[in-house]
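Student:
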Amino acid sequence: MLSANDNELLTRTGPGTPMGDLFRRFWVPVLIASELPEPDCPPVRVGVLGEELVAFR
Numbered sequence: 003m004l005s006a007n008d009n010e011l012l013t014r015t016g017p018g019t020p021m022g023d024l025f026r027r028f029w030v031p032v033l034i035a036s037e038l039p040e041p042d043c044p045p046v047r048v049g050v051l052g053e054e055l056v057a058f059r
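Okay, so the sequence shown: first residue is 3 according to the numbering used here, each after it adds one.
(1) Please state if the CB of Glu53 and the CB of Pro17 are separated by a distance shorter than 9 Å.
(2) What number of angstroms, rounded off, separates the C-alpha of Gly22 from the C-alpha of Cys43?
(3) Among Val56, Gly49 and Leu24, which residue has its Cα nearest to the Cα of Leu38?
(4) To which residues of the same chain is Glu40 closer than 8 Å at the C-beta, ignoring the five residues directly before and after it?
(5) Could you tell me the alpha carbon to alpha carbon distance between Glu10 and Leu33, rounded to whole angstroms?
If you want it as structure tokens, here you go:
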């Protein structure tokens, strides 16, 4: 079983955390194509890895 410290290390993915830094090295899918159906459609707010972002085409 994980210690409380190990659990925190492995589950926190916000900016500046070890796992957050690791995940930010790779593409992370957050939407499917149908959620942004066409070019110039309204942007979509997305929360991912502890950050608020905007997705658009």
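Glycine residues also receive a C-beta, built at the ideal position from the N, C-alpha and C atoms.
The structure displayed is predicted, hence computed values, not measured ones.
Tutor: In short:
(1) yes
(2) 30 Å
(3) Checking every option, the nearest Cα to that of Leu38 belongs to Val56.
(4) Here the set comprises Arg59.
(5) Whole-angstrom Cα-Cα distance: 26 Å.
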